[in-house]
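**Q**
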Amino acid sequence: MITSFYHVHRQRLPLCFLSFLLLLLLASANSISFQKTRFEPTDTSLIYEGGAAPSVGAIELNSDAYQCQVGRATYAEKVKIWDSKTQKLSDFTTRFTSTVDIQRRLFYSSGFTFFLAPVGFQVPMNSVGGFLGLYNITTMNSTNQILHVEFDTNSDPQWDPLFEHVGININSLSSSTYTRWNVTLHTGDNADVWINYNGSTKNLSVSWKYALTDTSQETTSLSFIVDLREVLPEWVTIGFSAATRDYVERHAILSWEFSSSLGTEETNQENARKIKLVILVVLAACVLIGAVIIAFGVWWTKKMMKGIKETINLMSINEDLERGRGLQRFSYNELASATSNFSSDTALVEGGFLSVHKGHLTHLNMSVAVTKYIWGSKLTKKEYITGMKIISRLRHRNLLQLIGWCHEEGKFLLVYEFLPNGSLDSHLFGNRTRLTCDVRYRITLGLAFALVYLHEGLEQCVVHSDVKSSNIMLDSNFNAKLCDFGLARLMNHELVPQNTGLYAAQGYMAPEYISTAEASKESDVYGFGVVALEIATGRRVLDSIEDRPEMNLVEWVWDHYRNRTLGLAVDRRLNMGFDERQMECLMIVGLWCALLTKM
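Start counting the sequence shown at 1421; every next residue gets the next number (our numbering).
#1: Quick one: using the 10 Å Cβ neighbour count with 16 as the cut-off for buried, is F1998 buried or exposed?
#2: Specify, as a first and last residue, the run of the beta strand (DSSP E) that A1363 falls within.
#3: Whole angstroms is fine: what's the gap from A1989's alpha carbon to T1457's?
#4: Along the chain, where does the alpha helix (DSSP H) that runs through K1941 open and close?
#5: Grab the span of the beta strand (DSSP E) containing L1747 for me, first residue to last.
#6: Let me make sure I understand the geometry here. Which of V1882, F1905 and C1881 has the alpha-carbon closest to that of K1888?
#7: DSSP three-state label for K1498, please.
#8: Can you give me the C-alpha to C-alpha distance between V1626 and V1835, rounded to a whole angstrom?
#9: Which whole-angstrom value is the C-beta distance of Y1752 and E1828, which I expect to be below 8 Å?
#10: Round the Cβ separation of N1818 and L1902 to the nearest angstrom and send it over; I've been treating them as touching at under 8 Å.
#11: Mark V1539 as exposed unless 16 or more other C-beta atoms lie within 10 angstroms of its C-beta, in which case mark it buried.
#12: Which one or two residues does DSSP pair with D1572 in a beta bridge?
#13: So, at 7 Å on beta carbons, what are the nonlocal neighbours of V2009 in its own chain, with the 5 sequence-adjacent residues on each side left out?
#14: Output the boundary residues of the alpha helix (DSSP H) element that contains W2012.
#15: Could you tell me the alpha carbon to alpha carbon distance between D1963 and G1619, rounded to whole angstroms?
#16: Shortest alpha-carbon distance to A1672 belongs to which of S1680, S1679, A1663 and F1678?
#17: Indicate, with yes or no, if the ligand COA has a heavy atom lying under 8 Å from the CB of K1831.
#18: Any chance the stretch 1768-1779 sits against the stretch 1858-1865, with 3 or more Cβ pairs inside 8 Å?
#19: Note down the Cα distance separating N1897 from L1994, rounded to an integer number of angstroms.
#20: Skipping 5 residues on each side, what residues in its chain have a beta carbon closer than 7 Å to that of D1647?
#21: Straight-line CA distance for P1581 to S1575?
#22: Excluding the 5 residues flanking M1560 on each side, which residues of the same chain have their C-beta closer than 8 Å to its C-beta?
#23: Take the Cβ of I1934 as the centre, count every other Cβ of all protein chains shown within 10 Å, and call the residue buried at 16 or more, exposed below.
#24: Apply the 10 Å Cβ neighbour rule to N1482 and answer buried if 16 or more other Cβ atoms are within range, or exposed otherwise.
#25: Rounded to the nearest angstrom, what separates T1375 and V1698 at their Cα positions?
#26: How about G1824 and F1762: do their beta carbons lie closer than 9 Å?
#27: Around the Cβ of K1722, are there at least 16 other Cβ atoms within 10 angstroms (buried) or fewer (exposed)?
#28: In three-state DSSP terms, what is I1414?
#29: Count the other CB atoms within 10 Å of the CB of H1783; is the residue buried (16 or more) or exposed (fewer)?
#30: Name the DSSP beta bridge partners of V1790, please?
#31: Taking T1791 and L1833 to be in contact with their CB atoms under 8 Å, please state how far apart those CB atoms are, rounded to whole angstroms.
#32: DSSP state of P1931, grouped into three classes?
#33: What did DSSP end up calling L1445 once you bin it into helix, strand or coil?
See the structure below:
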């Protein structure tokens, strides 16, 4: 066996090293692209200058506590805008979400920009106020090789129109094209801004849209024809700049994404460095191969011993299951054939510690869902066995029915009934069938019946430990069936909590479960309450609330309850086609369950 291993891997090593060499030496032809939905202090891909700094997931370009301030945030890597050899212009697109907040001040200044400038471009001295951190009195009329899109709140008669505006500026503080912009109307509102450049048509376009204060009476787009080869150097720095003067305002960037069509080409010096690196790696690998072969022999011996122990344990588990109620033992080949060898075409769920595939058992003329467990993840074999023993003794109309199992050569698979309507979360948050008010109410009742059965209907209480919307399946009549007992635990009815570790989904864990890692009936009830609120509102528990981003779903619904406005929290997709009293009762029950530890 050791000889075979060495022979196979000796053949693969040259191919691996050759592939590694080619990957390092090939000029990178990938487009530059990044997407940032939060800005953290540990993110080294952004450089902050002046008053700019990351704060609570956003970029604050300046502190509104100080006057005469400049702040700048730039992407750390240089970006290629055009190619000097081919004269080809890059297409690029950037999108960002920004906020300008004058904070109810009568007087404010001065605005912010998105800019492209030469690599190494420094913040000029005396560039506060209308200079926007890009120019000063001595450079404002020179050829600076700067292009910027400005959101200007301070109209300077030397170079600006006599009103607040959005403008496209080329090597100047005077906008080449602009449109009126009302910062007082939009103060504090989030604006999504798109800036696109088409290298073929040389068209630079800007558009923006506000979350709350959009109005059809405003022009919200600009465009200008400009050949960037005549304006900018081949490589540029991209980023944001903002400035204030005697009066202040807040400028913040909440998200940013950028992509361009020109990749970077390696220089000869970089290629030489990479060749040296490959040589060093190959030499080091040759030294290590001998040690790896020896280590493999030791590892193989230990694995064989471990396999013998697992076989003994597996025989005991199979005997327990065969004594269960109506469960069928399948071979691995049967299940592989039923699922087209577990192909991606049959996959229903992939990721984490399991994959689920749809299959068809010909001899039973039955569609099934086959769960294949993957070890080395957060679920151990011991936890799997515990959950499996629990599932084998459960029978209830609102629990997913286990049909059989397969344990062969270290492979662990469970076979369940297949439910055509999938999981609850795919209907609440995906593009599947919209659930009516009555169906949602019936699903909630079904989940409640399942938990009552688990908690009170058995000789020993079963704590599920992972109640969430993705673990609730729907049959052809949209009846709820709770599934996934991988974390379940048996408990005495005296409700002594058991430590399960923090494996449940974030947002569905009760506060006491988070602090103690001890699962209980109450932690299941908390998960039920959160799911009930998701069913009523159509919102994920971890989704940010548009008008109250500091709140989670439970807090948001509680706020509506205190303000007697629960009707406003109902899922908008119901389009008033619901019984308001029924949905309010559903949310109140959800709050009772989710706030049980606080009341």
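Glycine included, each C-beta is placed from N, C-alpha and C at the ideal position.
**A** This is what the structure holds:
#1: With 16 or more Cβ atoms within 10 Å of its Cβ, F1998 is classed as buried.
#2: Residue 1363 lies beyond the range of the chain shown here (1421 to 2019); nothing can be said about it.
#3: Cα-Cα distance, rounded: 26 Å.
#4: K1941 to T1957
#5: Here L1747 belongs to no beta strand (DSSP E), and DSSP marks it neither H nor E.
#6: Selection V1882, F1905 and C1881 evaluated against K1888 yields F1905 as nearest (Cα-Cα).
#7: K1498: coil per DSSP, three-state reduction.
#8: 54 Å
#9: 4 Å
#10: Contact between N1818 and L1902 is confirmed by a C-beta separation of about 6 Å, below the 8 Å threshold.
#11: exposed
#12: G1531 and H1585
#13: Counting only Cβ-Cβ distances below 7 Å, and skipping sequence neighbours, we find A1952.
#14: Unbroken alpha helix (DSSP H) run through W2012: E2000 to A2014.
#15: If I take the Cα positions, the gap works out to 37 Å.
#16: Comparing alpha-carbon positions, the option among S1680, S1679, A1663 and F1678 lying closest to A1672 turns out to be A1663.
#17: Judged by which ligands are present, the structure shown has none, so any question about the ligand COA falls away.
#18: Counting C-beta pairs closer than 8 Å gives fewer than three between the stretch 1768-1779 and the stretch 1858-1865, which falls short of the contact rule.
#19: L1994 has its alpha-carbon roughly 19 Å from the corresponding atom of N1897.
#20: K1622
#21: 6 Å
#22: F1551, W1579, S1592 and L1593
#23: exposed
#24: buried
#25: Outside the displayed span of the chain (1421 to 2019) sits residue 1375, for which this structure offers no information.
#26: no
#27: exposed
#28: Outside the displayed span of the chain (1421 to 2019) sits residue 1414, for which this structure offers no information.
#29: exposed
#30: H1777 and V1835
#31: 6 Å
#32: Per DSSP, reduced to three states, the secondary structure at P1931 is helical.
#33: Note that L1445 has pLDDT 45, beneath the 50 cutoff, so the model's placement of it is unreliable and the number below is only indicative. It is helical.
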